Amino acid sequence: MSIWEFIGQRWNVLVPEALLHASAVLQCTLIAAVLGVLLGVLVYRSPAGSAIATALTSAILTIPSFALIGLLIPVLGLGVPPTVVALVLYGLLPIVRNTIVGLDGVDPAITDAARGIGMGRAVVLTRVELRLAWPAILAGIRVSTQLLMGIAAIAAYAKGPGLGTEIFSGLVRAGSANATNEALAGTLGVVVLALVVDGIYVIISRLTTSRGIRV
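Structure follows, in structure tokens:
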């Protein structure tokens with residue numbers, strides 16, 4: 079049986095798994111974005127704080143995903159909890175780093191002018207600095223999403239949702255009928271999802287970024 083015939087027969091299973099995969103990744107990316115931007119805002123004015131935040135979030139990426147998920151299972155059990163925690167932690171670095179870089183790159187003359195017309199520090203941050211840093215922040219969120227698309231497949235090790243179920247099932251049954259097709263179908267599904275979501279980010283970037291500050 080060809081891969082396309084296999085996908086046609088498994089379509090009613092692959093589509094729900096793909097939707098669960100995309101939902102898990104996007105929700106975890108949203109949580110990581112909130113935490114990452116807040117952390118970036120807190121430390122970007124401090125070189126030491128920025129270095130520590132970047133180092134800590136970088137250190138998380140050095141932990142093999144299998145190992146991290148395995149360590150979370152005794153604490154959080156199987157299923158969604160360890161998947162969410164692992165994905166959020168892995169998604170922090172690009173967002174934190176790009177938030178710091180974006181905010182640090184805002185021209186001081188612009189913020190001085192904003193303060194000169196009576197804007198407070200909080201208003202300058204939300205209405206000037208974050209808006210100017212938005213292209214960099216969005217780029218970080220985009221990278222984080224693509225990173226999590228692949229890592230989410232490994233969450234099947236902890237009975238997490240998504241296309242990783244197909245990949246793991248195929249690998250476990252290696253050598254049996256359609257095992258390769260099953261693993262390949264899950265892999266192709268992840269690739270297609272990543273391309274679709276990346277296209278959506280391009281649209282979001284065009285709609286939310288003024289022409290004068292697009293990167």
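Residue numbers (this note's numbering): 79 to 293. All C-beta atoms in this analysis are idealised placements derived from N, C-alpha and C, irrespective of residue type, glycine included. Treat the numbers as computed from the prediction; the structure is a model and nothing was measured.
Two segments are said to touch when three or more pairs of C-beta atoms, one from each, lie closer than 8 Å; by this definition the segment 152-165 does not touch the segment 198-207. Straight-line measurement puts the Cα of Ile195 at about 45 Å from the Cα of Met227. Boundaries of the alpha helix (DSSP H) around Ile130: Pro125 to Leu139. Counting the other CB atoms within 10 Å of its CB gives Ile219 a total of 16 or more, which places it among the buried residues. In this structure, Leu225 lies away from Gly277, with their beta-carbon atoms at least 8 Å apart. Under the three-state reduction of DSSP, Tyr279 is assigned to helix. If you keep only unbroken beta strand (DSSP E) runs of at least 3 residues inside the segment 186-221, you get nothing at all. Secondary structure at Asn256: coil, using DSSP grouped into helix, strand and coil. The continuous alpha helix (DSSP H) containing Leu249 extends over residues Gly242 to Val250. Using a Cβ distance threshold of 8 Å, Ala129 and Thr177 do not count as a contacting pair. Judged by beta-carbon spacing, Ala234 lies within the 8 Å limit of Ile245, meaning their Cβ atoms are closer than that value. Contact between the segment 131-144 and the segment 182-194 is absent, with fewer than three C-beta pairs closer than 8 Å. The alpha carbon of Leu116 has as its nearest neighbour, out of Val269, Leu249 and Thr204, the alpha carbon of Thr204. A straight-line Cα-Cα distance of about 21 Å links Arg88 and Val274. Counting along the chain, Thr177 sits inside the alpha helix (DSSP H) bounded by residues Val158 to Asp182.
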